[in-house]
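Just below is one structure, and these are the notes that go with it.
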Ligand SMILES: [Zn+2]
Ligand SMILES: [Zn+2]
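In this note's numbering, the protein residues as written are 1 to 150.
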């Protein structure tokens, strides 16, 4: 096998082999790393998810500190805040895109479309249950009272 072409072929073959082993090793390493750092890995994932959620809430509030958009509520405890489908259809939508992080990813991917607002769980629940939140009714009454006063 004196001929140059064969030699080149052999070298290429060797490089390929080396590359495959290297990749294989790297893949194993990654797997091993995730295995060894599963806790930290999970922590990173949930940190990223929390960040994504915060970004969505901030966007729909137009404020760095997200708060419930219901008049008379203004809940700021982030764990209580949810994104509400203003015109309903949430259940169907969650079925399509998935709930939780999938939903927040969807919002981001679609450039934060209109039709959503931030509500706390109480207000969100009340809206679903009574059609509107009692806070809103109270705010409307106050508005009427103020109109009369004026
Ligand atoms: Zn609220
Ligand atoms: Zn409310």
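From the three backbone atoms N, C-alpha and C, an ideal C-beta is built for every residue, glycine too. Remember, it's a predicted structure, so these values are computed and weren't measured experimentally.
Given residue i as reference, the closest of the options once Cα atoms are compared
| i | options | result |
| --- | --- | --- |
| residue 116 | 18, 130, 68 and 76 | 68 |
| residue 85 | 144, 99, 139 and 73 | 99 |
| residue 62 | 96, 78, 118 and 3 | 118 |
Beta-bridge pairing of residue i - partner residues as DSSP gives them
| i | result |
| --- | --- |
| residue 118 | 83 |
Residues near residue i in its chain [Cβ-Cβ closer than 7 Å; skip 5 each side]
| i | result |
| --- | --- |
| residue 80 | 120 and 121 |
| residue 65 | 76 |
Inter-residue spacing [alpha-carbon to alpha-carbon] between residue i and residue j
| i | j | result |
| --- | --- | --- |
| residue 147 | residue 70 | 21 Å |
| residue 75 | residue 51 | 19 Å |
| residue 127 | residue 136 | 10 Å |
| residue 143 | residue 110 | 36 Å |
| residue 113 | residue 60 | 10 Å |
| residue 15 | residue 21 | 10 Å |
Beta-carbon contacts of residue i that lie in its chain and below 6 Å, excluding the five residues immediately before and after
| i | result |
| --- | --- |
| residue 130 | none |
| residue 6 | none |
Q: Count the CB pairs spanning the segment 47-61 and the segment 103-120 that are closer than 8 Å, and state whether there are at least three.
A: yes
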